[in-house]
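Participant: So the numbering used here is basically just the index in the sequence shown, starting at one, shifted up by 29.
Note that CB positions come from ideal geometry on N, CA and C, so glycine has one too.
Before I ask anything, let me first share the structure, which is written out below as structure tokens.
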Amino acid sequence: MTTASVLSKSFAIVREDLHRLYGAACDAATIDSILDDVIAELSNSAKVTNFLPVLAEREATERIKAASGCKDFAPRQEILFADSRGSGRSQIATALAYHLVGDEVFIRTIGLNPEDGLNPRVVAALHDRGVDTSRLTQKAITPRVSHRADVVVLMGIDETPAVPGDRYVEWDVADPDSLTDDELQSLIDDIETRLRALFTEMDVAVA
Numbered sequence: 030m031t032t033a034s035v036l037s038k039s040f041a042i043v044r045e046d047l048h049r050l051y052g053a054a055c056d057a058a059t060i061d062s063i064l065d066d067v068i069a070e071l072s073n074s075a076k077v078t079n080f081l082p083v084l085a086e087r088e089a090t091e092r093i094k095a096a097s098g099c100k101d102f103a104p105r106q107e108i109l110f111a112d113s114r115g116s117g118r119s120q121i122a123t124a125l126a127y128h129l130v131g132d133e134v135f136i137r138t139i140g141l142n143p144e145d146g147l148n149p150r151v152v153a154a155l156h157d158r159g160v161d162t163s164r165l166t167q168k169a170i171t172p173r174v175s176h177r178a179d180v181v182v183l184m185g186i187d188e189t190p191a192v193p194g195d196r197y198v199e200w201d202v203a204d205p206d207s208l209t210d211d212e213l214q215s216l217i218d219d220i221e222t223r224l225r226a227l228f229t230e231m232d233v234a235v236a
């Protein structure tokens, strides 16, 4: 891999991390513009490129802080929801989390063994409640999916997977595939209650 391609990949990771951390404080276009300017400035003056991504992230972070206009600027917290297939329980939690707090928290979802796509009954039940599901995706564990989250919520998983996190929370919740329609509604209610309590612990305002 050439030096240019390594740098390009590293800058892409920096860009992703900046959006993940500061996307609630600054819009995407502003973050991209700031980082592009920083990369151009540093690249023009650098004799050694090894540390350009690190320097770019530091400088871009400072400029994003200034652009946000916030005195008490801090990166947003991250929650990672994990279940066995990434098709039901974690998707309910993800959709409800966006519904309750929007982009105030960075939200990720993974399945240990993702298969069969999103559970259509789950999607329909959420729609019936007026909960948006357009941002739901089914993902497996990959190096760039599994950032070190502030909270990792394990949903019906017996063993803790190799998912980096500062805090792990276990929720004993049923698989939607085995539930009746009424039981599915009760599951959604239960997950919403758990989420509200978790956001309170994280000091995140709920709509």
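Quick one: is ALA169 buried, meaning 16 or more other Cβ sit within 10 Å of its Cβ, or exposed?
Facilitator: For the purposes of this step, residue 169 is taken as residue 140 along the sequence shown, with counting starting at 1. Exposed is the call here.
Participant: Are the Cβ atoms of PHE135 and ARG44 separated by less than 8 Å?
Facilitator: Residue numbering aside, residue 135 sits at position 106 when the sequence shown is read from its first letter. Residue numbering aside, residue 44 sits at position 15 when the sequence shown is read from its first letter. Taking 8 Å as the Cβ cut-off, PHE135 and ARG44 do not qualify as a contacting pair.
Participant: Between the stretch 144-152 and the stretch 190-206, are three or more C-beta pairs nearer than 8 Å?
Facilitator: Yes, they touch.
Participant: Cutting at 6 Å between CB atoms, please list the residues of its own chain near GLU199, excluding the five before and the five after it.
Facilitator: Here residue 199 refers to the residue found at position 170 when the sequence shown is read from its first residue. Result list for GLU199: LEU183, in chain order.
Participant: Could you round the C-beta distance between PRO190 and LEU141 to whole angstroms and report it? I think they count as a contact, below 8 Å.
Facilitator: As a working note, residue 190 is residue 161 in the sequence shown. As a working note, residue 141 is residue 112 in the sequence shown. Correct: roughly 6 Å between the Cβ atoms.
Participant: So ALA53 packs on ASP179, CB below 8 Å; how close in whole Å?
Facilitator: The residue labelled residue 53 in the question sits at position 24 within the sequence shown. The residue labelled residue 179 in the question sits at position 150 within the sequence shown. Not really, about 14 Å apart at Cβ, beyond 8 Å.
Participant: With DSSP collapsed to three states, give me the class of ILE63.
Facilitator: Stepping through the sequence shown from its first residue, residue 63 is reached at position 34. Here ILE63 sits in helix by DSSP.
Participant: What would DSSP say about ASP210, mapped onto helix, strand or coil?
Facilitator: Numbered from its first residue, the sequence shown carries residue 210 at position 181. Here ASP210 sits in helix by DSSP.
Participant: Do LEU125 and GLY194 have their C-beta atoms closer together than 8 Å?
Facilitator: Within the sequence shown, the letter at position 96 stands for residue 125. Within the sequence shown, the letter at position 165 stands for residue 194. No, these two residues do not count as a Cβ contact at 8 Å.
Participant: Could you compute how far the alpha carbon of ASP187 sits from the alpha carbon of PHE228?
Facilitator: One-based indexing of the sequence shown puts residue 187 at position 158. One-based indexing of the sequence shown puts residue 228 at position 199. One C-alpha to the other measures close to 24 Å.
Participant: I'd like to know whether the C-beta of HIS48 is nearer than 8 Å to at least one C-beta of chain D.
Facilitator: As a matter of chain content, chain D is missing from the structure shown, which is built from one protein chain.
Participant: For the alpha helix (DSSP H) containing ARG92, list its first residue and its last residue.
Facilitator: The residue labelled residue 92 in the question sits at position 63 within the sequence shown. Taken as a continuous stretch (DSSP letters only), the alpha helix (DSSP H) holding ARG92 covers 81-97.
Participant: Can you name the start and end residues of the alpha helix (DSSP H) that ASP112 belongs to?
Facilitator: As a working note, residue 112 is residue 83 in the sequence shown. It is not in any alpha helix (DSSP H) - ASP112 instead sits in the beta strand (DSSP E) that spans 107-112.
Participant: Using the rule of at least 16 other Cβ atoms within 10 Å of the residue's Cβ for burial, across every protein chain shown, is VAL67 buried or exposed?
Facilitator: Reading the sequence shown from its first residue, position 38 is the one you call residue 67. VAL67 comes out buried.
Participant: Do you know how far the Cα of GLN106 is from the Cα of ARG255?
Facilitator: One cannot answer for residue 255 here, as it falls past the ends of the chain, which runs 30 to 236.
Participant: Return the chain-ordered list of same chain residues with a C-beta closer than 8 Å to the C-beta of ASP61, the five sequence neighbours on each side being excluded.
Facilitator: The residue labelled residue 61 in the question sits at position 32 within the sequence shown. Contacts found: ARG44.
Participant: Write down the C-beta distance between LEU129 and ALA236 rounded to the nearest angstrom, noting that I regard them as a contact closer than 8 Å.
Facilitator: By 1-based counting over the sequence shown, the position of residue 129 is 100. By 1-based counting over the sequence shown, the position of residue 236 is 207. 6 Å between Cβ atoms; contact.
Participant: Rounded to the nearest angstrom, what separates LEU84 and LEU64 at their Cα positions?
Facilitator: Against the sequence shown, residue 84 aligns to sequence position 55. Against the sequence shown, residue 64 aligns to sequence position 35. Each residue's Cα considered, the two are about 11 Å apart.
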